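Enquirer: Residue numbers (our numbering): 30 to 312.
No residue lacks a Cβ here, since even glycine has one placed at the ideal position from N, Cα and C.
No experiment lies behind these values; they were computed from the predicted model shown.
Below you'll find the structure I mean.
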Amino acid sequence: MTTHTSSDRVPLAPLALVALLTPFLLSASRAHGQDAELSYGTFDAPVQDPVIGSGGGRSNWEFVLGIGARVAPEFEGAEDFETTALPFFSISYGDRVTFDLGGLNVDLLTTGPLSLSTQIGYDPGREEDDSDYLAGLGDVDGGATLGLGIGYALGPLDLYMNFDRTLGDSDGMVGRLGAQYTRKVGNVLLAANLSANWADEDHMQNYFGVTAAQSAASGLAQYEAESGFKRVDLGLSATYVIRENWILRGEIEVGSLIGDAADSPIVREEMQSSASVLLGYRF
Numbered sequence: 030m031t032t033h034t035s036s037d038r039v040p041l042a043p044l045a046l047v048a049l050l051t052p053f054l055l056s057a058s059r060a061h062g063q064d065a066e067l068s069y070g071t072f073d074a075p076v077q078d079p080v081i082g083s084g085g086g087r088s089n090w091e092f093v094l095g096i097g098a099r100v101a102p103e104f105e106g107a108e109d110f111e112t113t114a115l116p117f118f119s120i121s122y123g124d125r126v127t128f129d130l131g132g133l134n135v136d137l138l139t140t141g142p143l144s145l146s147t148q149i150g151y152d153p154g155r156e157e158d159d160s161d162y163l164a165g166l167g168d169v170d171g172g173a174t175l176g177l178g179i180g181y182a183l184g185p186l187d188l189y190m191n192f193d194r195t196l197g198d199s200d201g202m203v204g205r206l207g208a209q210y211t212r213k214v215g216n217v218l219l220a221a222n223l224s225a226n227w228a229d230e231d232h233m234q235n236y237f238g239v240t241a242a243q244s245a246a247s248g249l250a251q252y253e254a255e256s257g258f259k260r261v262d263l264g265l266s267a268t269y270v271i272r273e274n275w276i277l278r279g280e281i282e283v284g285s286l287i288g289d290a291a292d293s294p295i296v297r298e299e300m301q302s303s304a305s306v307l308l309g310y311r312f
């Protein structure tokens, strides 16, 4: 279920999420003697998303079911926000294979601090009726994605780079270069992630360009978007083990569109923030 909210209220969502997580962070910093474990995967990185930590070595297989909510812009560049309910599942086998709503991730090679992985996912594209501001622009078709990721671990700091290509009519490529720092405090895994996102000309034109026909239909100025870096993001997350099998996760992210993306007439707001919370059960 998705609800739309005006932009004058929704930017408070990240602050509300921080307030929600504060008592858990404080209690976790005082927690001692509990056996639950958390893994040090990567947050929103190509190797592995640590939505849920390790199950304590009981089995190589781990299953997670959960429900959550996300507040995010209606489209990339929107000034208005929407709230979406998020069912969640995750199936993983050790640190090598993970399958969740984001797709399938397989660790191809790990040697020392260096890792190589591949991802298969889905790009939902963009629909014209996602927002009134997109009227006349038509839909951006979705499609399967195929990606490759490289990670390098330096203790609690993970450096990563990944590329994903959308297969089908959209046929665009995006890349991400970033670094993530993780720290375990009691029963809480904290993560901070800084990244820069690049896109090729096909992707940029699909999402930020305006053709002559689209200009006539939408009233927006004709615009050609070229390849280059399109945004930078800072993300913070906290994953709290309430009990052995119950986990609460919260995330906030603040990003800024840059380059040709920021200059696009489609963009209503360069600053792009989002927040999400998830309650999961692992078994």
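Does DSSP put Leu3 in a helix, in a strand, or in coil?
Expert: Look at the range of the chain in this structure, 30 to 312, and you will see that residue 3 is not part of it.
Enquirer: What's the gap between the Cα of Gly204 and the Cα of Asn226?
Expert: Rounded to the nearest angstrom, the two C-alpha atoms are 6 angstroms apart.
Enquirer: Could you spell out the range, first to last residue, of the beta strand (DSSP E) harbouring Gln251?
Expert: Run containing Gln251: none; DSSP gives neither H nor E here.
Enquirer: For a test of the three-state rule: what should DSSP assign to Glu157, helix, strand or coil?
Expert: It is helical.
Enquirer: What's the gap between the Cα of Met233 and the Cα of Glu273?
Expert: Using only the alpha carbons, I get a separation of about 44 angstroms.
Enquirer: Can you give me the Cβ contacts of Tyr310 inside the same chain, cut-off strictly under 8 angstroms, excluding the 5 residues immediately before and after it?
Expert: Around Tyr310: Val93, Leu94, Gly95, Asn274, Trp275 and Ile276.
Enquirer: Compare the beta carbon distance of Gln148 and Gly178 with 8 angstroms and say whether it is the shorter of the two.
Expert: The answer is yes: Cβ separation under 8 angstroms.
Enquirer: Give me the Cα-Cα distance between Ala101 and Pro142, rounded to the nearest whole angstrom.
Expert: Rounded to whole angstroms, Ala101 to Pro142 spans 34 angstroms at the Cα level.
Enquirer: Taking the alpha carbon of Ala173 as the reference point, which residue from Asp158, Leu206 and Ser199 has its own alpha carbon closest?
Expert: Here the closest residue by C-alpha is Ser199.
Enquirer: Under 8 angstroms between the Cβ atoms of Ile281 and Leu265?
Expert: Result yes, Cβ atoms of Ile281 and Leu265 sit closer than 8 angstroms.
Enquirer: Can you give me the Cβ contacts of Met300 inside the same chain, cut-off strictly under 6 angstroms, excluding the 5 residues immediately before and after it?
Expert: Closer than 6 angstroms at Cβ, skipping near neighbours: Ser285.
Enquirer: With DSSP collapsed to three states, give me the class of Gly288.
Expert: The answer is helix: DSSP assigns Gly288 an H, G or I state.
Enquirer: Quick check on Gly237: does DSSP put it in helix, strand or coil?
Expert: Sequence check: residue 237 is Phe here, not Gly. Looking at Phe237 - three-state DSSP - the assignment turns out to be helix.
Enquirer: To which residues of the same chain is Thr195 closer than 6 angstroms at the C-beta, ignoring the five residues directly before and after it?
Expert: Contacts found: Asp152, Gly172, Thr174 and Gly201.
Enquirer: Between Glu157 and Lys213, what straight-line distance do the alpha-carbon atoms span, to the nearest angstrom?
Expert: Cα-Cα distance, rounded: 43 angstroms.
Enquirer: To the nearest whole angstrom, what separates the beta carbons of Ser293 and Gly106, a pair I think is in contact under 8 angstroms?
Expert: Their Cβ separation, rounded to whole angstroms, is 7 angstroms, which keeps Ser293 and Gly106 in contact under 8 angstroms.
Enquirer: Between the C-alpha atoms of Glu103 and Asp159, what's the straight-line distance to the nearest angstrom?
Expert: Approximately 6 angstroms, taken between the alpha carbons.
Enquirer: Look at the alpha carbon of Ala65 and the alpha carbon of Glu91, and state the distance between them as a whole number of angstroms.
Expert: Here the model assigns Ala65 a pLDDT of 33, short of 50, so the residue's position is not dependable, and the following value carries that caveat. If you take the alpha carbons of Ala65 and Glu91, they lie about 14 angstroms apart.
Enquirer: Can you give the Cα-Cα distance for Gly248 and Phe258, rounded to whole angstroms?
Expert: Rounded to the nearest angstrom, the two C-alpha atoms are 27 angstroms apart.
Enquirer: Using CA coordinates, which residue listed in Asp124, Leu138 and Phe117 is at the minimum distance from Gly131?
Expert: Comparing Cα positions, the closest option is Phe117.
Enquirer: Assuming Tyr210 and Ala221 are in contact, meaning their beta carbons sit under 8 angstroms apart, how far apart are those beta carbons, in whole angstroms?
Expert: Indeed, because the Cβ distance is near 5 angstroms, the residues count as touching under 8 angstroms.
Enquirer: Can you give the Cα-Cα distance for Ala228 and Gly150, rounded to whole angstroms?
Expert: The straight-line gap from Cα to Cα measures roughly 17 angstroms.
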